[in-house]
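Participant: Questions regarding the structure given below will be posed in turn.
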Ligand SMILES: Cc1ncc(COP(=O)(O)O)c(C=O)c1O
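Here's what the structure looks like:
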């Protein structure tokens, strides 16, 4: 792949270390972001191919697994590396420059504006899983309370529910989204109805995905949250996928809590995410990892002065009061938000939808290939789940990688009879990769006589 690991590491450790990453010059890594312009029409292939070159992925590799881990554009990689280098070269001045309260306040404000909430409603986290745990374990449950989740949730959302069940004798109630009528669902109402049927007068929380990682289905979050709110039930949304893929407006969705990832579609570094808690329910969600003021006092029982620190404890930002934080990751999240804002979230979403639409159509036209996500724009976006009849999805992955250096994944859960391939279409991917994917799956289906 162009250079050995030793050459790669050697370059990083050299004098002009940061600039030499994977063959990029310092100038290339530092290219003025304004050069990217504003995102163009989704089918402007030349423009989006140019954007795809902003990523460090080797030119012969197609990264179609953003659903697991997005790769970062070079401005984001550079921001993270710069932060580490400055910190290690001159800790004190760097700490004053970035690793401080003002920077965190600015970052939260930027993040809040990006996802559509107030800056006192958001905390930077390490990942989605943390946010799902904060939202579930933070609530006071009594024995007999019920929590709804679905069997297409990720374990990051489902297992905190089951742990609460074990600890507080709360009853988990599972919505069966594995039923054949949901693959794909005929309409959003059928999904809302499935949730409605699971609600009882003891339901305290509904925890569910905005986009299922299993099939790519976009759930009708707004309708589910409206229904829950009307019944006094809290909602916690697993938003591992939409931030960076969809033009997100959390207030518009109407949920109480939302846990997002930064390291997937937002394309920030690993270990970035956020947790949203609606202003008017913040006093009902206890922080579970915490070192800040308690009832306005410090550990000696003395009142904490009315400073930024004190105010942080009174907002969702108290979920950041959990010891040392990774400042370099925060710098990368900051740069990732800038990258998205420059291209605009709506242009990125349109491009992802356009590419996913091409993949759905191309795969559906291949005999023996089934597509498990809807064409309805309200129920799908950048993830396409599919299966080649009689071919193990792991074999499909392996073939795509071995023959084409095309990286997708499979999602297998025998318990719910689920075993598919999953392609994530995001802006490091371009039309050439899509043609390769469709052609390769057609070739495999033909070879296997399906
Ligand atoms: C729907 C969903 N929720 C949660 C997670 C866990 O995400 P994280 O690694 O950000 O904690 C994933 C990871 O793929 C996911 O797909």
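Numbering (the numbering used here), first residue to last: 4 to 453. Even glycine gets a Cβ: it sits at the ideal position worked out from N, Cα and C.
From residue 161 to residue 275, what distance separates their C-alpha atoms?
Facilitator: 21 Å
Participant: In this structure, how does DSSP classify residue 176 when only helix, strand and coil are distinguished?
Facilitator: strand
Participant: Between residue 193 and ligand 1, is there a pair consisting of the residue's CB and a ligand heavy atom that are separated by less than 7 Å?
Facilitator: no
Participant: So what does DSSP say about residue 11, is it helix, strand or coil?
Facilitator: A caution first: residue 11 carries a pLDDT of 33, below 50, which makes its placement in the model too unreliable to give a value.
Participant: In or out: residue 155 buried (at least 16 other Cβ within 10 Å) or exposed?
Facilitator: buried
Participant: For residue 206 and residue 236, which I take to be in contact (beta-carbon distance under 8 Å), what is that distance rounded to the nearest angstrom?
Facilitator: 5 Å
Participant: Whose CA, out of 319, 295 and 320, lies closest to the CA of residue 308?
Facilitator: 295
Participant: Here's a check: name, in chain order, each residue in its chain whose Cβ is nearer than 6 Å to the Cβ of residue 50, leaving out the five neighbours to either side.
Facilitator: Excluding sequence neighbours, residue 50 sits near 43.
Participant: Do you know offhand how far residue 438's Cα is from residue 351's?
Facilitator: 20 Å
Participant: Could you check whether the Cβ of residue 216 sits closer than 7 Å to any heavy atom belonging to ligand 1?
Facilitator: At least one heavy atom of ligand 1 lies less than 7 Å from the C-beta of residue 216.
Participant: Buried or exposed for residue 182, going by 16 or more other Cβ atoms inside 10 Å?
Facilitator: exposed
Participant: When the Cα atoms are used, what is the spatial distance from residue 209 to residue 93?
Facilitator: 47 Å
Participant: If distances are taken between C-alpha atoms only, which option among 285, 361 and 317 comes closest to residue 298?
Facilitator: 317
Participant: Have a look at residue 172 and residue 78 and give me their C-alpha separation to the nearest angstrom.
Facilitator: 48 Å
Participant: Just to confirm my understanding: we take residue 86, look at its own chain, exclude 5 residues before and 5 after, and list those with CB closer than 7 Å. What are they?
Facilitator: 101, 330, 331 and 334
Participant: When the Cα atoms are used, what is the spatial distance from residue 194 to residue 305?
Facilitator: 51 Å
Participant: Between the Cα of residue 106 and the Cα atoms of 328, 41, 404 and 40, which residue gives the shortest distance?
Facilitator: That would be 328, whose Cα lies nearest to the Cα of residue 106.
Participant: Using only the alpha-carbon positions, how far apart do residue 399 and residue 315 sit?
Facilitator: 49 Å
Participant: Helix, strand or coil: how does DSSP classify residue 348 here?
Facilitator: helix
Participant: Check residue 421 in the structure and name its three-state DSSP category.
Facilitator: strand
Participant: Using only alpha-carbon positions, find the residue among 422, 152 and 135 that is nearest to residue 180.
Facilitator: 152
Participant: Does the beta-carbon distance from residue 112 to residue 122 come in below 8 Å?
Facilitator: yes
Participant: With a threshold of 7 Å, establish whether the CB of residue 272 neighbours any heavy atom of ligand 1.
Facilitator: no
Participant: Among the candidates 420, 248 and 258, whose CA atom is the shortest distance from the CA of residue 264?
Facilitator: 248
Participant: Assuming residue 383 contacts residue 376 (C-beta within less than 8 Å), just tell me the rounded distance between them.
Facilitator: 5 Å
Participant: Taking the Cβ atom as the reference point for each residue, do residue 456 and residue 140 lie within a distance shorter than 8 Å?
Facilitator: This structure cannot speak to residue 456, because the chain is shown only from 4 to 453.
Participant: For residue 273, which of helix, strand or coil comes out of DSSP?
Facilitator: coil
Participant: Under DSSP, the alpha helix (DSSP H) around residue 230 begins and ends at which residues?
Facilitator: 224 to 233
Participant: Please confirm whether any heavy atom of ligand 1 lies closer than 7 Å to the CB of residue 73.
Facilitator: For residue 73, the Cβ stays outside the 7 Å cut-off from all heavy atoms of ligand 1.
Participant: Since residue 212 is in the beta strand (DSSP E), which residue starts that stretch and which ends it?
Facilitator: 206 to 212
Participant: According to the neighbour-count rule (16 or more other Cβ atoms, all chains shown, within 10 Å of its Cβ), is residue 288 buried or exposed?
Facilitator: With a 10 Å radius around the Cβ and a threshold of 16 neighbouring Cβ atoms, residue 288 comes out buried.
Participant: Which one of 280, 435 and 394 has the shortest CA to CA distance from residue 450?
Facilitator: 394
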